[in-house]
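Protein chains in written order, with our numbering: chain Z, 1 to 212; chain S, 1 to 474.
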Amino acid sequence: MREPLKAHTGPAVALRRDDVDTDQIIPAEFCKRLTKSGYADTLFGHWRKEDDFVLNQPEHQGASVLVAGHNFGTGSSREHAVWALRDWGFRAVIATSFGDIFLRNALKNGLLAVALPVPVVAELTELVASDPAFEITVDLQELTVTAAGQTWEFEADHRARWLLLNGLDDIDVTLRKSDAIAAYEAGRPAWMTSITRGTYSSPDAAKLRRAS
Amino acid sequence: MATTERNLIEKVWESHVVDRAPGEPDLLYIDLHLLHEASSPQAFDGLQLAGRRVRRPDLALALEDHNVPTNTLFVKDAMGSAQLERLRENCEEQGIELFSLGDDRQGIVHVVAPELGFVRPGMTVVCGDSHTSTHGAFGALAFGVGTSDVEHVLATQTLALQRPRTMSVEFVGEPPADVTPKDLILALIAHIGANGANGYAIEYRGKAVENLSMEGRMTVCNMSIEAGARAGLIAPDDTTLAYLRERWDPAAAADWDEAVAYWRSLRTDEGAAFDRVVELDVTGLTPFVTWGTNPGQAVPLDSAVPAPEDFGTGPEQDAARRAQEYMGLEPHVRMRDIEINTVFLGSCTNGRIEDLRAAADVLRGRKVASSITMLVVPGSMAVRAQAEAEGLHQVFLDAGAQWRLSGCSMCMGINADRLQGIQRVASTSNRNYEGRQGTHARTHLVSPVVAAATAVAGRLAAPTELTTPQGEKA
Ligand code: SF4
Numbered sequence: 001m002r003e004p005l006k007a008h009t010g011p012a013v014a015l016r017r018d019d020v021d022t023d024q025i026i027p028a029e030f031c032k033r034l035t036k037s038g039y040a041d042t043l044f045g046h047w048r049k050e051d052d053f054v055l056n057q058p059e060h061q062g063a064s065v066l067v068a069g070h071n072f073g074t075g076s077s078r079e080h081a082v083w084a085l086r087d088w089g090f091r092a093v094i095a096t097s098f099g100d101i102f103l104r105n106a107l108k109n110g111l112l113a114v115a116l117p118v119p120v121v122a123e124l125t126e127l128v129a130s131d132p133a134f135e136i137t138v139d140l141q142e143l144t145v146t147a148a149g150q151t152w153e154f155e156a157d158h159r160a161r162w163l164l165l166n167g168l169d170d171i172d173v174t175l176r177k178s179d180a181i182a183a184y185e186a187g188r189p190a191w192m193t194s195i196t197r198g199t200y201s202s203p204d205a206a207k208l209r210r211a212s
Numbered sequence: 001m002a003t004t005e006r007n008l009i010e011k012v013w014e015s016h017v018v019d020r021a022p023g024e025p026d027l028l029y030i031d032l033h034l035l036h037e038a039s040s041p042q043a044f045d046g047l048q049l050a051g052r053r054v055r056r057p058d059l060a061l062a063l064e065d066h067n068v069p070t071n072t073l074f075v076k077d078a079m080g081s082a083q084l085e086r087l088r089e090n091c092e093e094q095g096i097e098l099f100s101l102g103d104d105r106q107g108i109v110h111v112v113a114p115e116l117g118f119v120r121p122g123m124t125v126v127c128g129d130s131h132t133s134t135h136g137a138f139g140a141l142a143f144g145v146g147t148s149d150v151e152h153v154l155a156t157q158t159l160a161l162q163r164p165r166t167m168s169v170e171f172v173g174e175p176p177a178d179v180t181p182k183d184l185i186l187a188l189i190a191h192i193g194a195n196g197a198n199g200y201a202i203e204y205r206g207k208a209v210e211n212l213s214m215e216g217r218m219t220v221c222n223m224s225i226e227a228g229a230r231a232g233l234i235a236p237d238d239t240t241l242a243y244l245r246e247r248w249d250p251a252a253a254a255d256w257d258e259a260v261a262y263w264r265s266l267r268t269d270e271g272a273a274f275d276r277v278v279e280l281d282v283t284g285l286t287p288f289v290t291w292g293t294n295p296g297q298a299v300p301l302d303s304a305v306p307a308p309e310d311f312g313t314g315p316e317q318d319a320a321r322r323a324q325e326y327m328g329l330e331p332h333v334r335m336r337d338i339e340i341n342t343v344f345l346g347s348c349t350n351g352r353i354e355d356l357r358a359a360a361d362v363l364r365g366r367k368v369a370s371s372i373t374m375l376v377v378p379g380s381m382a383v384r385a386q387a388e389a390e391g392l393h394q395v396f397l398d399a400g401a402q403w404r405l406s407g408c409s410m411c412m413g414i415n416a417d418r419l420q421g422i423q424r425v426a427s428t429s430n431r432n433y434e435g436r437q438g439t440h441a442r443t444h445l446v447s448p449v450v451a452a453a454t455a456v457a458g459r460l461a462a463p464t465e466l467t468t469p470q471g472e473k474a
């Protein structure tokens, strides 16, 4: 069992950038650890070198909700991007859209990645910018975002939400279907790849030759 | 009345559903799981912590590629070498085949798996790497996943997934001879945008695709993710079967004819629908290059850096402005006038034997400009051996380029081939993000032939503008 996650409320910070790719969220050279933690200092690693970068501002140090732009987390599959956001203290990210793999990775790690319409994100960005203590609530139970007395609805992946609300382990849940997996395996065709260790030699040159 | 016609993506998906419940994502069986050192340590750790074992070690293959140096077999950097070490321990412990640094089967995971014949039509393939989409070239449903999903596949050989929406991308007409697969995909991404296919799996169709070799198809499918699509597929045909036949183990229990009969059925049915249809006329296409910091910011090499105002007044204009600032470029500068200091030929996009042949054809009898450092990094040690058998390495060396061992190299700033300081690169890789090839590196994505011509000219150039080795204008 994990801690069930139903909602999060916290101060927000706005990034004001679109198409933030995973190479910006955590540059590759910082993805060499063997652990899932220890990435806080490398979040937005290249941008953090600039003093005026928003996460370097003292008034935003306790922020736990990130308001981003459009297409946040595009690019690579590196889950380090999610680990780094979590390590820094973020519990939720609001954007108008997300990179596909990033979105999946976020929910798997209890980072509430929520897409809202463009005008709403624009409004939140302005509200956040004018008040560093501005708080946003992301409620996974109700599927709503609440801030400044307004409420907006969002959609979440059904399974991911159910796992988080109940504190369930993804793999445990799948393993309940072990019989179905075994039954499927029994019917797989013989021509599928199966790799026996130590039996493959380097492809001989002929195989790489132009097929003409 | 439900229709019975199905597209290729639906066919492959449906044949892998292990369990389906209303309102739930499907539980999908994974036929091949590719692993590398950079995205797997935490997954194996999680598995061990929970006291689980790898369900099907025979359906996994591991490679060392992201962290390996390409000028020596000696890994200097401690963290990179710790990742390699950990992968070796994990594979040993779980009985997974691993091709390590120094092995003649080593190379980039997306180059090695197909060249050994492991990727076959109708399979599902995953890897903790977004360019897994490469394998769609075989009519396989192949996509990148994060480390949590890597652990899930290790433990269960399945993933719970929502079926992606389907998109047909039809390249209409036949492109001119100097247009390469890289140009096709760069032009497509520029057309639909860097997230234009978000949430979709793509099927690439049309004569221009059918005419491509398997290597060319892999280049196109590889960059599907750069349009936001997790997967990009091409229906298997005679080209696919010829490639696989050469790699078929005659001693295998499986029957080739039976496999072929099934593979032949993996085509989009006449009249089958897609959620979205995109057409791109390629008859007048010319070589494409990027000017910005996402792969959609690309233009024909014949044109110029666009003005931010060309993108309207919205966020795209800001993005263009920021990209030009990072790239150190002014609007209206002709792409051909952009001077380059580094040329990188390699990666899982363009590090295959055909890519090396095409670049060598341009460099034969010519010299890399004195202002340029050029790295040639074969996608696998087998590609390297083949290139040496054909004498291509001599062409590169004679021209003044560096001939390297295999790995991801400069595609991603995680290993020793990272660029230092402000360097402008013409790169055959797939991402031109800020800092991707080094903290201040400025990347222009190009095809192998444009990379080679650029190395000679010292500025972005196509082979047609080079003077011939004898001194005449080509
Ligand atoms: S060559 Fe580049 S894109 Fe391909 S797997 Fe390696 S780092 Fe990723």
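Note that the Cβ used here is the ideal one computed from N, Cα and C, for glycine as well.
Checklist entry - Is the shortest distance between the beta-carbon of tyrosine 39(Z) and the beta-carbons of chain S less than 7 Å? => result Residue 39(Z) sits at position 39 when you count from the first residue of the first sequence. With 7 Å as the cut-off, tyrosine 39(Z) does not count as an interface residue toward chain S.
Checklist entry - Does the distance from the CB of valine 114(Z) to the CB of isoleucine 94(Z) come in under 7 Å? => result The residue labelled residue 114(Z) in the question sits at position 114 within the first sequence. The residue labelled residue 94(Z) in the question sits at position 94 within the first sequence. Closer than 7 Å, so yes.
Next on the checklist: If the criterion is Cβ atoms closer than 7 Å, does the pair glycine 193(S) and glycine 312(S) meet it?
Outcome noted: To locate residue 193(S), count along the second sequence from 1; it is residue 193. To locate residue 312(S), count along the second sequence from 1; it is residue 312. No; because the gap between Cβ atoms is not below 7 Å, this pair is not in contact.
Next on the checklist: Across the region 80-89 of chain Z and the region 119-131 of chain Z, are there enough close Cβ pairs to call them in contact, namely three or more that are closer than 8 Å?
Outcome noted: no
Next on the checklist: Can you check which of these residues, Glu92(S), Gly80(S) and Asp238(S), is closest to arginine 53(S) by C-alpha distance?
Outcome noted: As a first step, residue 53(S) must be located in the second sequence, where it is residue number 53. Of the candidates Glu92(S), Gly80(S) and Asp238(S), the one whose C-alpha sits nearest the C-alpha of arginine 53(S) is Glu92(S).
Checklist entry - Any C-beta of chain S sitting closer than 7 Å to the C-beta of asparagine 56(Z)? => result Locating residue 56(Z) in the first sequence gives position 56, counting from the first residue. Chain S, which has no Cβ nearer than 7 Å to the Cβ of asparagine 56(Z), makes this no.
Item to check | Delimiting residues of the beta strand (DSSP E) encompassing serine 168(S) | outcome: Translated into the one-based positions of the second sequence, residue 168(S) becomes position 168. From DSSP, the beta strand (DSSP E) with serine 168(S) extends over 165-172.
Checklist entry - Looking at the C-beta of phenylalanine 507(S), does it have a partner C-beta in chain Z at a distance below 7 Å? => result Because chain S in this structure spans residues 1 to 474, residue 507(S) falls outside the shown range and cannot be described.
Item to check | Within 9 Å of chain Z by C-beta, residues of the region 140-151 of chain S in sequence order | outcome: Phe143, Gly144, Val145, Gly146, Thr147, Ser148, Asp149, Val150 and Glu151
Checklist entry - Would DSSP call histidine 135(S) helix, strand or coil? => result Start at 1 with the first residue of the second sequence, and residue 135(S) comes out as number 135. Histidine 135(S): helix per DSSP, three-state reduction.
Item to check | Supposed contact pair tryptophan 191(Z) and arginine 475(S) - C-beta distance, whole angstroms, cut 8 Å | outcome: Nothing about residue 475(S) can be reported from this structure: the residues present for chain S run from 1 to 474 only.
Item to check | C-alpha distance - valine 282(S) paired with aspartate 169(Z), whole-angstrom precision | outcome: Walking along the second sequence from the start, residue 282(S) turns up at place 282. Walking along the first sequence from the start, residue 169(Z) turns up at place 169. For valine 282(S) and aspartate 169(Z), the distance between alpha carbons rounds to 48 Å.
Next on the checklist: Let me check understanding here. Comparing Cα to Cα, which of Ala360(S), Leu28(S) and Gly136(S) lies closest to alanine 201(S)?
Outcome noted: Residue numbering aside, residue 201(S) sits at position 201 when the second sequence is read from its first letter. Alanine 201(S) has its Cα closest to that of Gly136(S), out of Ala360(S), Leu28(S) and Gly136(S).
Next on the checklist: With a threshold of 6 Å (Cβ to nearest heavy atom), would histidine 33(S) be considered close to the ligand SF4?
Outcome noted: As a working note, residue 33(S) is residue 33 in the second sequence. No, since every heavy atom of the ligand SF4 falls outside the 6 Å radius drawn around the Cβ of histidine 33(S).
Next on the checklist: Does arginine 336(S) come out as helix, strand or coil in the three-state DSSP assignment?
Outcome noted: Numbered from 1 along the second sequence, position 336 holds the residue referred to as residue 336(S). If DSSP states are grouped into helix, strand and coil, arginine 336(S) belongs with the helices.
Checklist entry - By Cβ distance below 8 Å, which residues in the same chain neighbour histidine 214(Z) in space, the five residues on each side in sequence not counted? => result In the structure displayed, chain Z extends from 1 to 212; residue 214(Z) sits before or after that span and is not available.
Checklist entry - For lysine 36(Z), which option in Trp83(Z), Gly149(Z) and Tyr200(Z) has the closest C-alpha, if you only look at C-alpha atoms? => result The count along the first sequence starts at 1 and reaches residue 36(Z) at position 36. Nearest option by C-alpha distance: Trp83(Z).
Next on the checklist: Pairs of beta-carbons, one from the region 76-86 of chain S and one from the region 197-211 of chain S, closer than 8 Å: are there three or more?
Outcome noted: no
Next on the checklist: On the CB-based measure, 16 or more other CB atoms within 10 Å of its CB, does asparagine 105(Z) come out buried or exposed?
Outcome noted: Looking up residue 105(Z) in the first sequence gives position 105. By the neighbour-count rule (16 or more Cβ atoms within 10 Å), asparagine 105(Z) is buried.
Next on the checklist: For a contact defined as C-beta to C-beta under 9 Å, what are the partners of aspartate 183(S) on chain Z?
Outcome noted: Within the second sequence, the letter at position 183 stands for residue 183(S). Under the 9 Å cutoff, chain Z gives no residues; its nearest Cβ is about 20 Å from aspartate 183(S).
Next on the checklist: Bridge partners for histidine 191(S) per DSSP, in chain order?
Outcome noted: Translated into the one-based positions of the second sequence, residue 191(S) becomes position 191. Looking at the DSSP assignment, histidine 191(S) forms no beta bridge with any residue, so it has no partner.
Checklist entry - What do you reckon, is the C-beta of histidine 131(S) under 6 Å from a heavy atom of the ligand SF4? => result Working through the second sequence from its first residue, we reach residue 131(S) at position 131. Indeed, a heavy atom of the ligand SF4 lies less than 6 Å from the Cβ.
Checklist entry - In the structure shown, what three-state DSSP assignment does arginine 264(S) receive? => result On the second sequence, residue 264(S) is found 264 positions in, with the first residue counted as 1. Looking at arginine 264(S) - three-state DSSP - the assignment turns out to be helix.
Next on the checklist: Below 9 Å on C-beta distance, what does aspartate 23(Z) contact in chain A?
Outcome noted: In the structure shown, chain A does not exist; the protein chains are Z and S.
Checklist entry - Hey, would you say the C-beta of serine 347(S) is under 6 Å away from at least one heavy atom of the ligand SF4? => result Residue mapping note: residue 347(S) aligns to position 347 of the second sequence, counting from 1. Yes; taking the cut-off as 6 Å, the Cβ of serine 347(S) has a heavy atom of the ligand SF4 nearer than that.
Next on the checklist: So for glycine 232(S), helix, strand or coil by DSSP?
Outcome noted: Residue 232(S) sits at position 232 when you count from the first residue of the second sequence. It is a strand residue.
Checklist entry - Going along the region 106-125 of chain Z in order, which residues come within less than 8 Å of chain S, judged by CB to CB distance? => result Lys108 and Asn109
Item to check | Same chain, Cβ closer than 6 Å to leucine 98(S), five either side skipped, listed in chain order | outcome: The residue given as residue 98(S) occupies position 98 in the second sequence. Around leucine 98(S): Ala62 and Cys91.
Item to check | beta-carbon methionine 412(S) near the ligand SF4 non-hydrogen atom, thresh 6 Å | outcome: Residue 412(S) sits at position 412 when you count from the first residue of the second sequence. For the ligand SF4, at least one heavy atom lies less than 6 Å from the Cβ of methionine 412(S).
Item to check | Distance cut-off 6 Å: isoleucine 225(S) Cβ against heavy atoms of the ligand FMN | outcome: This structure does not include the ligand FMN; its bound ligands are the ligand SF4.
Next on the checklist: Could you compute how far the alpha carbon of valine 383(S) sits from the alpha carbon of isoleucine 353(S)?
Outcome noted: Against the second sequence, residue 383(S) aligns to sequence position 383. Against the second sequence, residue 353(S) aligns to sequence position 353. Distance between the alpha carbons of valine 383(S) and isoleucine 353(S) is about 6 Å.
Next on the checklist: Is there a Cβ of chain S sitting closer than 7 Å to that of proline 27(Z), yes or no?
Outcome noted: In the first sequence, residue 27(Z) corresponds to position 27, counting from 1. Taking Cβ atoms only, chain S reaches closer than 7 Å to proline 27(Z), which makes this a yes.
Item to check | Supposed contact pair leucine 466(S) and arginine 366(S) - C-beta distance, whole angstroms, cut 8 Å | outcome: Start at 1 with the first residue of the second sequence, and residue 366(S) comes out as number 366. Start at 1 with the first residue of the second sequence, and residue 466(S) comes out as number 466. Right, the Cβ-Cβ distance comes to about 7 Å (below 8 Å), so this counts as a contact.
Checklist entry - When the Cβ atoms of the region 269-276 of chain S are set against those of the region 424-441 of chain S, are three or more pairs found closer than 8 Å? => result no
Item to check | Minimum Cβ-Cβ distance from glutamate 472(S) to chain Z less than 7 Å | outcome: By one-based count along the second sequence, residue 472(S) stands at place 472. Only weak support is given to the placement of glutamate 472(S): the predicted model assigns it a pLDDT of 47, under 50, and the value that follows is read from those uncertain coordinates. No, glutamate 472(S) does not count as interfacial toward chain Z.
Checklist entry - How is threonine 199(Z) classed by DSSP in three states: helix, strand or coil? => result The residue given as residue 199(Z) occupies position 199 in the first sequence. If DSSP states are grouped into helix, strand and coil, threonine 199(Z) belongs with coil.
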